[in-house]
Amino acid sequence: MRLKTGLLAITLLLAANASFAQAAEPADAASCKAEEASLDQDIAQARARGQMLRRRQLSDALVALQAHCEAMMAAKDPATQIKRQEQEVQQLRLELERAEAQLRKLKAAQKS
């Protein structure tokens, strides 16, 4: 019974941790830095208390946060936006060429 209670507590902790991480996605560089600082502080507290599982979870959350923040900042970078837009234009041109080729085939088949 005690093992089931412990497993349930761990499961609930992991679920709460995952939902908190998803809900607390930072919106800009300042909030990214604030979240990183908060996680660093929580990691230090967990280490001081000997909560190695909690420290590992927080470290994983920190890595995910850093990756999210880097991706978010790259998406706001003008050079990245230009490159993404150029790729979209190129993709649309390919789709247009395919559609025009299909139209030519249909017109040729209609004349035959």
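Numbering (mature numbering (1 follows the signal peptide of the UniProt record, and there is no 0)), first residue to last: -23 to -1, 1 to 89. Cβ coordinates follow ideal geometry from the N, Cα and C atoms, glycine included.
By Cβ distance, which residues of its chain are closer than 8 Å to K60, with the 5 residues on each side in sequence left out? By 1-based counting over the sequence shown, the position of residue 60 is 83. Counting only Cβ-Cβ distances below 8 Å, and skipping sequence neighbours, we find nothing.
I need the straight-line Cα distance from R81 to E72, nearest angstrom please. Counting from one through the sequence shown, the residue named residue 81 turns up at place 104. Counting from one through the sequence shown, the residue named residue 72 turns up at place 95. Those two C-alpha atoms are separated by around 14 Å.
Where R33 and P55 are concerned, what is the direct C-alpha to C-alpha distance, given to the nearest angstrom? Indexing the sequence shown from 1 puts residue 33 at position 56. Indexing the sequence shown from 1 puts residue 55 at position 78. Going from the Cα of R33 to the Cα of P55 covers about 36 Å.
If you run the structure through DSSP and keep just helix, strand and coil, what is D37? If you number the sequence shown from 1, residue 37 lands on position 60. The answer is helix: DSSP assigns D37 an H, G or I state.
For L35 and L83, I'd like the C-alpha separation in whole angstroms. Here residue 35 corresponds to residue number 58 of the sequence shown, with the count starting at 1. Here residue 83 corresponds to residue number 106 of the sequence shown, with the count starting at 1. The straight-line gap from Cα to Cα measures roughly 60 Å.
Alpha carbon to alpha carbon, how far is S8 from A85? Position 31 of the sequence shown, counting from 1, holds the residue named residue 8. Position 108 of the sequence shown, counting from 1, holds the residue named residue 85. Near 60 Å, if we compare the C-alpha coordinates of A85 and S8.
First and last residue of the alpha helix (DSSP H) that includes D19? What you label residue 19 is simply residue 42 of the sequence shown in a count that begins at 1. Here the alpha helix (DSSP H) through D19 covers A6 to R26.
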